[in-house]
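Residue numbers for the sequence shown follow our numbering, so the first one is 3 and each next one is one higher.
The C-beta atom is built at its ideal place from N, Cα and C for all residues, glycine as well.
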Amino acid sequence: MSKRTRTVLGEDIARSVADALQYISYYHPPDYIRYLSQAYAREQSSAAKNAIGQILLNSRMAAYGRRPICQDTGLVVVFVKVGMDARIKSTASFADLVNEGVRRAYLDPDNPLRPSIVADPLAGRINTRDNTPAVVHVDLVRGNQIEITIAAKGGGSENKARFTTLNPSASVADWVVDTVWTLGSGWCPPGLISVGIGGSAEKAMLLAKEAMNEPIDMSELIGKGPSNAEEALRIELYERINALGIGAQGLGGLTTVVDVKVATYPTHVASKPVALIPQCAANRHLKFILDGTGPVQLQPPDLSEWPHIGHEGLHTTSVRRVNLDALSKQETASWRCGETLLLSGKMLTGRDAAHGRMVDLIDAGKPLPVDLRGRVIYYVGPVRAVRDEVVGPAGPTTSSRMDAFAEKILAEAGLFAMLGKAERGPAAIESIVRHRTPYLIAVGGAAYLISKSIKAARIVAFEDLGMEAIYEFDVQDMPVIMAVDVEGNSIHSSGPLEWRKRMAADSIARSIGI
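And the structure:
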């Protein structure tokens, strides 16, 4: 065996993957916290500042509590660079070693992570219960070490990935900016946008996915200035995307992205493949190296970099307290877009699978397993509780996936309000107006913080669905934002447009020296 050759044990790979996944489930990368803290300090939109404050407070709480930042603990994606002078000692394949690490991480009894992977994407869609398999990309490179970049990608942001093939003369920047404007806020900004350009269709997507795990360095790049076309494009996109005014959680504000990544690869003379992938506020990734000396040793980040934001600093506008146990249609009709509500009392939960079953029962003329009349339903799939927890991290899921069920549920079940994340589509808003049933949002990326407002939780229907079962939560001062009122006014429409106009006006004023 060559003196240059190093042997890495298969067990070290599996253990390192497991430890890394646990680590990124509760520790944000410090660079993201630094940039998000700067965004919080300069934010002028009270709703967006509130949302960023919740994300930062949630991050600090998750780090100290060592519980997931977000209830969607992600699809595991792994990029591996294996040195050609490294030897892996194992009878299992590399993918099997990674999947063993995923299995250990997601079933860890001290910090169980929510399994979200279904085995058959077409038919049964049965949860694998351990979040396997991961998506694994392996490259052979020079050297005798193994470099592993591991990420956990949430479904809300992954669903907003886009691809196109432009004409060679077309503007990448224009396509990216126009596309980001159409994405809505289901990808949970403020985060990152990563762009892959060139190669083939699949290569462009891989370029974008891998680039989003690089360190955040936009301030440094702007300070020194671009040195090539890729860096110039990064700065242009960063400025133009933030000028859209989408803001945190789509509420309208100054910061939509904290960075933009661009990666390129040679391509066919007739082609310009372009991939766009957003990264959400649960920005989870880690790079480590195995050199044959054992599994990776991960040290906690310096939590002094996390800002001290107390609950009292979150509500930058007046709040209204709501008793869910004495709710009336008259009261819900008085809620206005952008208003912060603190909910107390009992609410039900239900997301995709539960809504599908309820609609099937309605269509069959059968009773629902739980009475929805006069209730609020929260679109959530919580993490399993541990120790003295009532429930694990329980942040909102993307509400637009429930749009297809909205009319039938509202017409037949008598709900008083819905609660989730991001905007609703036109048909759902029509149903909101028709049935005078408003829509509220909680902050995506604040799952652990939200869980602390849940004082009791019990499954009341569809227990076999696991995290997608219907729960009854008893909440106290759960912070939410009024998103669509009974007249159909939507903060996800008005907020970004208002801030887009404000920033355009400020830009014009600066250009003429006012």
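Considered as a whole, the stretch 333 to 383 harbours 342 to 351 and 378 to 380 as its complete beta strand (DSSP E) runs of no fewer than 3 residues, in chain order.
Between the alpha carbons of Asp112 and Ala22 lies a distance of about 15 Å. Here His270 carries a coil assignment [DSSP, helix/strand/coil]. Around the beta carbon of Asn52, a 10 Å sphere encloses 16 or more other beta carbons of the protein chains shown; the residue is thus reported as buried.
In this model, Asp373 and Leu185 are separated by some 34 Å (Cα to Cα). Excluding five sequence positions before and after Ile248, the CB atoms of its chain that fall closer than 7 Å to its own CB belong to Ser187, Pro191, Thr258 and Pro498, given in chain order. Inter-residue distance for Val264 and Leu235 is about 8 Å (C-alpha atoms, whole angstroms). Under the three-state reduction of DSSP output, Ala387 falls in the coil class, being neither helix nor strand. The criterion of a C-beta distance shorter than 8 Å is not satisfied by Met480 and Glu341.
Going by beta carbons, Gly394 and Arg6 fall outside the 8 Å limit. Thr75 and Gly397 have their C-alpha atoms spaced approximately 11 Å apart.
In the structure shown, Asp476 adopts extended strand secondary structure according to DSSP, grouped into three states.
His310: not part of any alpha helix (DSSP H); DSSP gives it neither H nor E. Phe165 has its alpha-carbon roughly 23 Å from the corresponding atom of Ala284. Contact annotation: Ala16 and Glu149 have beta-carbon atoms that are not nearer than 8 Å. Tyr450 places its beta carbon 8 Å or farther from that of Ala41. With respect to the 8 Å criterion, Gly198 and Thr269 are not classified as neighbours on the basis of their beta carbons.
DSSP, reduced to helix, strand and coil, places Pro303 outside both helices and strands of the structure shown, so it counts as coil. The alpha carbon of Ile364 has as its nearest neighbour, out of Arg322, Asp327, Val388 and Gly416, the alpha carbon of Gly416. Residue range Ala203 to Ala213 is occupied by the alpha helix (DSSP H) that includes Lys211, with no beta strand (DSSP E) assigned at that position. Excluding residues up to 5 positions away in sequence, Ala234 and Ile237 lie with their Cβ nearer than 7 Å to the Cβ of Pro228 in the same chain. For secondary structure counted as the alpha helix (DSSP H) over 4 or more consecutive residues, the stretch 141 to 218 holds these complete runs in sequence order: 157 to 160, 174 to 184 and 203 to 213. Here Asp33 has Pro217 and Ile218 as same chain residues with Cβ atoms under 7 Å from its own Cβ, once five neighbours each way along the sequence are excluded.
Contact fails between the stretch 138 to 147 and the stretch 375 to 385, because fewer than three Cβ pairs, one in each stretch, are under 8 Å apart.
For Thr334, same chain residues with a beta-carbon under 6 Å away, outside a window of 5 residues either side, are Phe418, Ala419 and Pro440 in chain order. DSSP, read as helix, strand or coil, puts Tyr450 in helix. Across the set Leu278, Val392 and Met207, the C-alpha of Leu278 shows the shortest separation from the C-alpha of Asp176. Residue environment: Asp14 is assigned as buried (16 or more neighbouring CB atoms within 10 Å of its CB, all protein chains considered).
Secondary structure of Leu115 (DSSP, three-state): coil.
Considered as a whole, the stretch 397 to 459 harbours 419 to 422 and 441 to 443 as its complete beta strand (DSSP E) runs of no fewer than 3 residues, in chain order. In the structure shown, the three-state DSSP call for Asp327 is helix.
The Cβ neighbour count for Tyr66, taken over all protein chains shown within 10 Å, is under 16; the residue is labelled exposed. In the displayed model, Ser492 falls within a strand according to three-state DSSP. Counting only residues of its own chain and dropping the five nearest sequence neighbours on each side, Ala471 has a CB closer than 6 Å to the CB of Ile461, Phe464 and Glu465.
At a Cβ-Cβ threshold of 8 Å, Leu256 and Glu500 do not count as neighbours. In the DSSP assignment, Ala88 falls outside any alpha helix (DSSP H) and within the unbroken beta strand (DSSP E) covering Ala88 to Lys91.
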